[in-house]
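Under full-length UniProt numbering, residues 1 to 129 are what the sequence shown spells out, in order. Cβ coordinates follow ideal geometry from the N, Cα and C atoms, glycine included. None of these values were measured; they are calculated from a predicted model. Accompanying notes for the structure given below.
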Amino acid sequence: MRVKITPTQRVPTEIKLHKVSAILEIHFDDESIYELPSEYLRVFTQSAEAVGHGPGQETLQIGKEDVTITDIQPVGNYAIKLVFSDGHDTGIYSWDLLYKLGSEFPLLWSQYLETLKAAGLSRRSPIHN
């Protein structure tokens with residue numbers, strides 16, 4: 001799903017991957033801490049494969065309930081690339097995107113669920129935050 005990103009100037013001070021729970025924990029320099037499920041990060045990838053090259057070209061990401069993060073790679077000093085267990089490895093997650101995904105998790109997740117419902121789809125099990 002396409003996300004409108006606003007520059008925040010926030011940078012992470014710590015990034016931890018909890019493999020058992022499939023949670024990416026991110027601490028930012030404003031002392032905020034976000035725990036982002038792998039599924040959530042995967043369905044909100046901003047790669048061209050998922051959002052296309054312009055508005056209206058989005059591909060709804062489904063069936064990602066069991067996806068995990070298998071690798072985290074730095075991208076300069078502004079982002080990370082997450083590699084997922086389903087083979088997806090083209091999403092770059094800027095600090096601004098990660099901050100937005102963390103700070104707006106309840107809203108963005110409910111929008112995703114509503115989009116699934118409108119498409120006649122559902123998830124296998126609820127996400128926990």
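DSSP places Y78 in no beta strand (DSSP E); its state is neither H nor E. A direct Cα-Cα distance of roughly 5 Å separates F44 from M1.
Take H27, set aside five residues on each side of it, and the residues of its chain with a beta-carbon closer than 7 Å to its own are P12, T13, E14 and I33, in chain order. Non-local C-beta neighbours of D89 in its own chain, meaning closer than 6 Å and more than five positions away in sequence, comprise V83, ordered along the chain.
Following the DSSP letters along the chain, one finds F28 inside the beta strand (DSSP E) bounded by residues I23 to F28.
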